[in-house]
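Take 1 as the starting number for the sequence shown in this note's numbering and just add one per residue.
Note that the Cβ used here is the ideal one computed from N, Cα and C, for glycine as well.
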Amino acid sequence: MPLPWWTHAVIYQIYPRSFKDGNGDGVGDLRGIIDKLDYIKSLGVDAVWLNPIYHSPGVDGGYDISDYRAIDPLFGTMEDFDEMLQGLHQRGIRLIMDIVVNHTSDQHPWFVESRKSKDNPYRHYYFWRKGRDSGPPNNWLSFFGGSAWQFDPITGEYYLHLFSKEQPDVNWENPAVRNEFKELMIFWLNKGVDGLRLDVITAISKRKDFPDSDTSDFNKTIERYYANGPRLSEFIAELREQVWNKYGCLTVGEGPGITPDNVMEYLQPGRGLDMIFHFGHMFLDQGKAGRFDPVPWTLPEFKRIFLSWDKALVQGWGSIFLGNHDFARMVSRWGNDKTYRTESAKLLLTLLLTLRGTPFIYQGDEIGMTNFILKSINEAVDVESRNAWAQARIDGKNEAVFLKHINYSGRDNARTPVQWDDSDYAGFSSAKPWMPINPNKAYVNIKSEEVNADSILNYFRSLVHLRKTMPVLITGNFELVNVNDYHLFTYYRFTDEQRLFVALNFSEETLPFNLSEGNRLIGNYPLKSDLSMLRPWEAVVIQL
Ligand code: TEU
């Protein structure tokens, strides 16, 4: 039986407000995407995952939705959407829409009604609870700092919001809510959308007694209290049976809190999701207090995480990503964005495109875009950074230290406009963009990469071509070599017919290494006669 299209796809993530501005208001939009359809096609990718473009007050970059069936005017019109979708399909590119299933905006009509009175028909679309000892119902904390409960004076009760207080969690225990979400998924699938990315789907089943969390480790709290609720598999199976099977659409769930031990519960053939994003590596450098509590990481830890997830997903299908709109730029986080930006960006792309599982590449990572350093916390735009600093200030944290944390792991890093050329606004817009342009657009931009045969962009294209011409990279087994090596990430991909070896030097060292076997299929340094060493941040893929 042939594997479904998404198993051999490369998927490109577009964060629309930072991709390309098509109407000169300084914010990316659908017309901007339409202007760049040929560029997207030139990457060789098979699908686009588009972050939310629905009506939203914009508290959380569009993840606070007030109308799931309407395009926010910031991004354009439904006609623009139809033109973009048609343009993608004409180029053989599928579209995956982002459906936020865990919460709505507090401006959504459902919530506007729900908070009006305790007997309002929409009251139980959300979670309302009485306070405890004149405080919140339990000790849960929001991802964005502070309590996960907001007191509402109209009815004197608290409502749950795992994210900002403007994002009340919806109640999937309520069949009416489940039907609402089925209907809105069907609305977009009827428009011809090819897949759904389901935001924080692992949190939609709540532990209805809302027990206090017994750990101060935030990622443990997510795993034990927010995600993996008692009816999660059941709710996913209901969507599979009543919606997704009818359309044959791709479903990829965002899975904070899942583990290698439980992931397959959510990927059961015929009952589950097709793929799920895990956060093992993405939370690796987060301490007990989460994103703004950075801790050092080591390459062996990084490799062990990939190994454990590859083993866990042998029966399922993995998704591979090293960055997205929620995390720092991959070359700044995992690579060396100073002396070896080009080499390490290519190395990370080699990892992304040669592991087992469908690779998701985030806009701008194909040219090694880097983090953007804020000079002051006041420059932070993202609600997660701003709320976290507000809480940190209450807790008496040092501003300079916190700014360092925000510059290391804040989400604004990934949301500076895509750098199309070296002009004032980097070819992103004709007006001052909503977010600052990274000054390195002078030399980090698509235009200059296009004309350089050795650019990161053209290396990425070659990697995509390699992945599409080597079935072993799609279905081949994965065998990690020497997990304890602190500098080298090396592994085999093999089937009965083909065997590849990938060697990645995650260091500034030149290391002895025998490269004499086989023939090199791709590498991020010029070929050399001396095949006895790996240069700093050198990546090679060898056919044995
Ligand atoms: O992210 C949810 C999530 O669990 C985290 O991975 C994410 O990093 C978040 O910032 C907490 O640190 C999804 C969306 O990708 C994110 O953009 C939204 O802010 C969030 O849900 C709420 O919808």
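Looking at C-alpha atoms only, which residue of Leu184, Glu384, Gly270 and Arg17 is the closest neighbour of Asp29? Arg17
Any non-hydrogen atom of the ligand TEU within 8 Å of Met282 CB: With a cut-off of 8 Å, the C-beta of Met282 is classified as near the ligand TEU, since at least one heavy atom of the ligand falls inside that distance.
Hey, Asp199 and Val59: beta-carbon distance below 9 Å or not? no
If you reduce the DSSP assignment to three classes, tell me which class Gly32 lands in. helix
Beta bridge counterpart(s) of Gly135 as assigned by DSSP: For Gly135, the beta-bridge partners assigned by DSSP are Arg132.
Quick check: is any heavy atom of the ligand TEU less than 8 Å from the C-beta of Phe321? Annotation for Phe321 indicates a beta carbon at 8 Å or more from all heavy atoms of the ligand TEU.
For a test of your reading of the model: does the CB of Lys69 fall under 8 Å from any non-hydrogen atom of the ligand TEU? Yes or no. Looking at the sequence itself, residue 69 is Arg, so the reference to Lys does not match. False, no ligand heavy atom lies under 8 Å from that Cβ.
Identity of the residues DSSP links to Pro547 by a beta bridge: Here the chain has residues from 1 to 544 only, and residue 547 is not among them.
Residues of its chain near Glu271, where Cβ-Cβ distance is below 8 Å and the 5 sequence neighbours each way are ignored: It should be pointed out that residue 271 corresponds to Arg in this sequence rather than to Glu. Same-chain partners within the cutoff: Ser233, Ile236, Ala237, Arg240 and Glu241.
For a test of the three-state rule: what should DSSP assign to Trp172, helix, strand or coil? The answer is coil: DSSP assigns Trp172 none of H, G, I, E or B.
Taking all protein chains shown into account, decide if Thr215 is buried (16 or more other Cβ within 10 angstroms of its Cβ) or exposed. exposed
Ser213 versus Gly131 - alpha carbon distance: 16 Å
Is Glu479 a contact residue of the ligand TEU, with contact defined as CB to any heavy atom under 8 Å? no
Starting from Asp60, trace the beta strand (DSSP E) in both directions and tell me its first and last residue. Element bounds for Asp60: n/a, residue is neither H nor E.
Using DSSP's beta-bridge definition, name the partner residues of Leu488. Asn505
At a cut-off of 8 Å, would you count His405 as near the ligand TEU, judging by its Cβ distance to the nearest heavy atom? no
Could you round the C-beta distance between Val252 and Asp274 to whole angstroms and report it? I think they count as a contact, below 8 Å. 6 Å
Taking Gly255 as the reference, which of Asn228, Asn245 and Asp261 has the closest Cα? Asn228
Have a look at the DSSP bridge pairing and note the partners of Gln13. Trp49 and Tyr362
Would you kindly report the start and end of the unbroken alpha helix (DSSP H) that includes Met84? Met78 to Gln90
For Phe279, verify whether its CB is less than 8 Å away from any heavy atom of the ligand TEU. yes
If you draw a straight line from the alpha carbon of Ser332 to that of Lys206, how long is it in whole angstroms? 36 Å
Anyone know if the C-beta pair for Phe478 and Arg356 falls short of 9 Å? yes
Exposed unless 16 or more other CB atoms sit within 10 angstroms - verdict on Gln90: exposed
Under the DSSP definition of a beta bridge, which residues are partnered with Tyr158? Arg129 and Phe151
Given 8 Å as the limit, tell me if Gly61 has its C-beta closer than that to any heavy atom belonging to the ligand TEU. yes
Going by C-alpha to C-alpha distance, which of Leu85, Leu374 and Thr370 sits closest to Ile406? Leu374
Check: Asp40 C-beta below 8 Å from any heavy atom of the ligand TEU: According to the sequence displayed, residue 40 carries Ile and not Asp. No.
Taking the alpha carbon of Gln315 as the point to measure from, which residue in Phe428, Leu284, Glu265 and Asp382 has its own alpha carbon closest? Glu265
Considering only heavy atoms of the ligand TEU, does any lie closer than 8 Å to the CB of Glu254? yes
On a Cα-Cα basis, can you pick out the residue from Gly92, Phe360 and Arg94 that is closest to Tyr460? Per the sequence shown, residue 460 should be read as Phe rather than Tyr. Checking every option, the nearest Cα to that of Phe460 belongs to Phe360.
For Phe327, is the beta carbon positioned less than 8 Å from some heavy atom of the ligand TEU? Within the chosen limit of 8 Å, the ligand TEU reaches the beta carbon of Phe327 through at least one heavy atom.
Looking at the strands, I want to know which residues DSSP matches up with His103. Its beta-bridge partners are Asp169.
With DSSP as the reference, please indicate the residues paired to Met54 in a beta bridge. Note that residue 54 is Tyr in the sequence shown here, rather than Met. Answer is Ile71.
Distance, Cα to Cα, Met97 vs Thr7? Rounded to whole angstroms, Met97 and Thr7 show a C-alpha spacing of 18 Å.
Going straight from the alpha carbon of Ala539 to that of Arg224, what length do you get? Cα to Cα, Ala539 sits roughly 38 Å from Arg224.
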